[in-house]
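In terms of the UniProt record's numbering, the sequence shown has 174 at position 174, counting the first letter as 1, and numbering is strictly consecutive.
Here a beta-carbon is modelled for each residue, glycine too, at the ideal position from N, C-alpha and C.
This one's a predicted model, so the numbers in the text were calculated from it and none came from an experiment.
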Amino acid sequence: GCLFTWLPDVAAIYKRLEASMEIPHALRTSRRFNLPFAAHTLNLGPYVRCWFHRDARNFTLGWCPVLVLGQFDYRTSAHFIMVEPQIVMELRPGDVLLMMSSVITHGTAALLEGETRMSWTCFTAGALFRWVAAGHKLVGDLSEDEHAAYLERSAQIFGEAWRANLTLDELEQRYMAEAGILHL
Numbered sequence: 001g002c003l004f005t006w007l008p009d010v011a012a013i014y015k016r017l018e019a020s021m022e023i024p025h026a027l028r029t030s031r032r033f034n035l036p037f038a039a040h041t042l043n044l045g046p047y048v049r050c051w052f053h054r055d056a057r058n059f060t061l062g063w064c065p066v067l068v069l070g071q072f073d074y075r076t077s078a079h080f081i082m083v084e085p086q087i088v089m090e091l092r093p094g095d096v097l098l099m100m101s102s103v104i105t106h107g108t109a110a111l112l113e114g115e116t117r118m119s120w121t122c123f124t125a126g127a128l129f130r131w132v133a134a135g136h137k138l139v140g141d142l143s144e145d146e147h148a149a150y151l152e153r154s155a156q157i158f159g160e161a162w163r164a165n166l167t168l169d170e171l172e173q174r175y176m177a178e179a180g181i182l183h184l
C-alpha cells in the first residue's frame, strides 16, 4: 500500500498498534486490505461533499489515505482543498491522497450538475493509541502510578511517530541505501 511505500515507519507503528490490541488475525483489516488502519469509511454519495473540518479524534501524527471515486471533471470541479498550506488539488477519479487529516483543515469544492463523487477513507482513532499506552485500560481508570507510566509511554509513542515522518530526502536516501545505490 501507499503508506508502506511513502511512510514505512508510520506503517510499522500502525501494524504494532494493531498487533498489540490482540485482535484475532482473521479480523485484522491489514490482512484483508494491506492497510494498517483500524477504520475504513465508504462515502457512497453519489454526491459526496466534504465540508471544511479537521478529524480531531484521529491520531494526531497519523496519516489518512483518501481514494477518490466518481465521474467528474477534476479540472473544473470537485477540488480537494487544504486550508493551512493553502493548497487546492485536482484529484482525478482513482487518485489516492495521503494526508494528516487531524491537523490540516480540509474539504472539497462542489460538483457540477450531473457529476458524481464518492470516496474511501482510512484512519485510526487517537483513542486506540491512548488505550494501548494505558495498558489496555481507559485512562480515567488508571491509578496514580499507572498514569505516570501511561504518560511516559504516550511520550514514547508520540516521539516515535514524529520521527517516523520522513522528509522526501530521507525517504530517497533510505530507498537508495536499501537498493545498494551510493548517494553522491
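DSSP three-state call for R163: helix, strand or coil?
Helix.
Can you tell me which of Y74, V83, Y150, A125 puts its alpha carbon nearest to the alpha carbon of C64?
With distances taken between Cα atoms, C64 lies closest to A125.
Which partner residues does residue 189 have in the DSSP bridge list?
The chain is shown only over 1 to 184; residue 189 falls outside these bounds and no answer can be derived.
Are the CB atoms of W120 and L42 within a distance shorter than 8 Å?
A contact, by the Cβ cut-off of 8 Å.
Helix, strand or coil for L174 per DSSP?
This sequence places Arg at residue 174; Leu is not what is there. R174 falls in the helix class under three-state DSSP.
What are the start and end residues of the beta strand (DSSP E) that includes S20?
Run containing S20: none in the beta strand (DSSP E); it sits in the alpha helix (DSSP H), 8 to 20.
With G126 as the anchor, note down where its alpha helix (DSSP H) starts and where it stops.
126 to 133 is the extent of the alpha helix (DSSP H) around G126.
From D145 to R16, what distance separates their C-alpha atoms?
In a straight line, the C-alpha of D145 is about 25 Å away from that of R16.
So what does DSSP say about S154, is it helix, strand or coil?
Helix, per DSSP.
Can you round the beta-carbon distance between I81 and T116 to whole angstroms, since I take them to be within the 8 Å contact cut?
Between T116 and I81 the Cβ distance is about 19 Å, and since that is not below 8 Å, they are no contact.
Taking C-alpha atoms, which residue in S102, G135, I87, D73 lies nearest to G94?
Closest by alpha carbon: D73.
With a CB to CB cut of under 6 Å and the five nearest residues on each side skipped, what residues in its chain are close to D9?
Counting only Cβ-Cβ distances below 6 Å, and skipping sequence neighbours, we find A164.
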